[in-house]
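Shown next, in structure tokens, is the structure this report addresses.
Residue numbers (full-length UniProt numbering): 1 to 377.
Below is the structure:
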């Protein structure tokens with residue numbers, strides 16, 4: 001409205017200026033130029049007046065991109081805590097990427113008719129990255145009142161993902177867990193090296209029944225990730241054999257007791273460290289025989305069944321030698337060997353060993369010794 005009044009006022013002033021100028025001027029050329037000037041100005045005022053017309057509405061709110069909500073939240077009891085796991089949204093509700101999440105808040109309610117909705121964890125978009133494991137967020141609610149465990153209270157959880165200005169797409173899926181008295185944790189875990197595997201053993205002091213089994217978690221860092229157990233099925237006893245090993249790699253293990261029905265877990269056991277080093281030689285070759293040929297003495301033996309077999313070594317001794325000498329500087333992969341460096345009439349003794357591919361290699365015990373006199377026909 002103010003713009004309209006200003007435009008009209010300017011128009012009236014310029015109209016009277018033109019009249020006055022026309023009346024006092026004695027120069028026709030001047031009158032014409034001034035008249036053209038004022039007419040152009042009138043046109044501009046009219047255009048300004050027209051474009052300033054219209055009803056002024058309320059200001060529109062700024063557009064805010066809103067992240068999708070969490071839809072895969074899971075919870076279960078671990079000791080005196082509740083473990084909360086979920087995936088962060090990857091996109092916004094309009095399909096754009098990446099998700100514009102600025103804060104994640106986890107809420108807890110107690111009972112079927114809760115009177116209190118309590119935020120138990122609140123993290124901004126920088127803090128939450130510290131809790132990412134295998135593209136999942138893993139958090140703990142460690143503020144559970146002790147009475148809830150005695151009452152076997154049912155706790156429900158959900159999350160809100162806030163975008164800018166506190167906007168969100170609504171609560172996540174709601175999940176519940178009934179908390180009970182915590183399970184005892186496994187004790188005294190140890191790691192023992194066996195051939196091609198690491199054996200993890202532990203103790204459990206609480207009276208064990210068939211409902212108590214175990215999960216084992218494995219990692220290559222001391223902070224073992226407890227998102228996914230190493231075992232694909234719950235372990236019933238107090239032993240796990242790990243054959244997925246890499247020689248020289250340091251690995252870490254921890255164990256949790258598990259109630260097989262409720263999936264409630266105990267607190268973590270102590271962490272046990274192990275480095276697999278191959279110190280286990282192959283079996284010794286067997287059934288060694290010697291055959292005299294015109295060109296020398298040929299040895300044959302039965303192959304050794306070993307996944308990491310690196311080959312065989314042949315040792316020889318004559319009567320004048322005090323000990324056996326290696327006559328194959330490089331490992332041989334065949335199960336036969338011809339010794340052409342022999343002299344007629346001399347007696348020779350041989351034995352064979354097997355070696356693996358470890359560095360340094362592990363060598364088997366000697367095979368049985370065979371004696372043969374080289375008398376070619």
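Just so you know, even glycine gets a beta-carbon here, dropped at the ideal spot from N, CA and C.
Sort the options by Cα distance to residue i and report the nearest one.
| i | options | result |
| --- | --- | --- |
| residue 123 | 375, 107, 134, 135 | 107 |
| residue 260 | 366, 303, 215 | 215 |
| residue 366 | 313, 329, 341 | 313 |
| residue 153 | 121, 119, 183, 178 | 178 |
| residue 72 | 246, 125, 159, 237 | 159 |
| residue 150 | 183, 287, 173, 370 | 183 |
| residue 307 | 170, 134, 195, 156 | 195 |
| residue 321 | 299, 328, 295, 349 | 349 |
| residue 181 | 202, 162, 147, 200 | 147 |
| residue 235 | 247, 328, 373, 210 | 210 |
| residue 206 | 187, 199, 197, 191 | 187 |
| residue 239 | 324, 197, 267, 222 | 197 |
| residue 360 | 81, 351, 247, 296 | 247 |
| residue 336 | 327, 347, 129, 299 | 299 |
Mapping DSSP to helix, strand and coil, what is residue i?
| i | result |
| --- | --- |
| residue 147 | helix |
| residue 214 | strand |
| residue 128 | helix |
| residue 165 | helix |
| residue 374 | coil |
| residue 67 | strand |
| residue 337 | strand |
| residue 311 | strand |
| residue 156 | strand |
| residue 332 | strand |
| residue 278 | coil |
| residue 290 | strand |
| residue 358 | coil |
| residue 242 | strand |
| residue 83 | strand |
| residue 223 | coil |
Can you have a look at residue i and say buried or exposed, based on whether 16 or more other CB atoms are within 10 angstroms of its CB?
| i | result |
| --- | --- |
| residue 243 | exposed |
| residue 277 | exposed |
| residue 79 | buried |
| residue 92 | buried |
| residue 233 | exposed |
| residue 227 | exposed |
| residue 104 | buried |
| residue 377 | exposed |
| residue 168 | buried |
| residue 339 | buried |
| residue 212 | buried |
| residue 67 | buried |
| residue 100 | buried |
| residue 110 | buried |
| residue 344 | exposed |
| residue 291 | exposed |
| residue 69 | buried |
Would you check if the distance between the CB atom of residue i and the CB atom of residue j is smaller than 8 angstroms?
| i | j | result |
| --- | --- | --- |
| residue 265 | residue 258 | yes |
| residue 354 | residue 304 | yes |
| residue 309 | residue 285 | no |
| residue 185 | residue 269 | yes |
| residue 83 | residue 140 | yes |
| residue 331 | residue 279 | no |
| residue 252 | residue 275 | no |
| residue 138 | residue 85 | yes |
| residue 342 | residue 296 | yes |
Please decide whether residue i counts as near chain E, where near means a Cβ-Cβ distance under 8 angstroms.
| i | result |
| --- | --- |
| residue 171 | The chain labelled as chain E is not found in the depicted structure, where only one protein chain is given. |
Residue i: beta carbon under 7 angstroms from a heavy atom of the ligand ZN?
| i | result |
| --- | --- |
| residue 254 | You won't find the ligand ZN in this model; it holds no ligand whatsoever. |
Assuming residue i contacts residue j under a Cβ cut-off of 8 angstroms, what Cβ separation, rounded to an integer in Å, is found between them?
| i | j | result |
| --- | --- | --- |
| residue 218 | residue 204 | Rounded, the Cβ-Cβ distance is 19 angstroms, inconsistent with contact. |
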